[in-house]
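Everything below concerns the one structure shown next.
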Amino acid sequence: FAIRFPSAFFGALTVFPIYLFGKELFNNKKIGILSAAFLAILPWHITLSRATSEAVIGLFFLYSFISIHLVFYKKTKN
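The opening residue of the sequence shown carries number 15 in the numbering used here; numbering runs sequentially from there.
This is the structure we're talking about:
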């Protein structure tokens, strides 16, 4: 449990930064929802999330930082 839980936890949380990334990049809420739905049913993401892989944790932090950067960039741009 202690070894597989962090990977599965961050794999499930990755859906939210992907939604925010799609929404902020294209300025469209539907694209954000569609990109999050595709990630949620993507077979390789499910497989990596269930295994003990650091790639899923890295993907979570990568998309989190990129999404937050896009949000702040758009707010300071206006």
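C-beta: ideal position from N, C-alpha, C; glycine also.
Cβ pair residue i, residue j closer than 8 Å
i: Ile80; j: Phe52; result: no
i: Tyr33; j: Ala50; result: yes
For residue j and residue i, the rounded distance between their alpha carbons
i: Ala26; j: Leu62; result: 11 Å
i: Pro20; j: Ile71; result: 8 Å
i: Lys88; j: Glu68; result: 30 Å
i: Ile82; j: Asn42; result: 16 Å
i: Pro57; j: Lys44; result: 22 Å
i: Thr28; j: Ala54; result: 9 Å
Neighbourhood of residue i by C-beta distance below 6 Å, restricted to the same chain and skipping five residues each side
i: Phe24; result: Val70, Ile71, Phe74
Three-state secondary structure (DSSP) of residue i
i: Arg94; result: Because the chain spans 15 through 92 in this model, residue 94 falls outside it and cannot be assessed.
i: Ala69; result: helix
i: Leu56; result: coil
i: Thr96; result: Within the shown structure, residues of the chain are numbered from 15 to 92, placing residue 96 beyond reach of any answer.
Contacting residues, own chain, Cβ-Cβ under 8 Å from residue i (five flanking each side not counted)
i: Ile17; result: Thr66
C-beta neighbour in chain C for residue i, strict 8 Å
i: Thr90; result: Any reference to chain C falls outside this structure, which holds one protein chain only.
Proximal residues to residue i (C-beta, below 7 Å), its chain only, five neighbours per side dropped
i: Glu38; result: Ser81, Leu84, Val85, Lys88
Residue i Cβ short of 7 Å to the ligand COA heavy atom set
i: Ile60; result: The ligand COA is not among the ligands present in this structure, which contains no ligands whatsoever.
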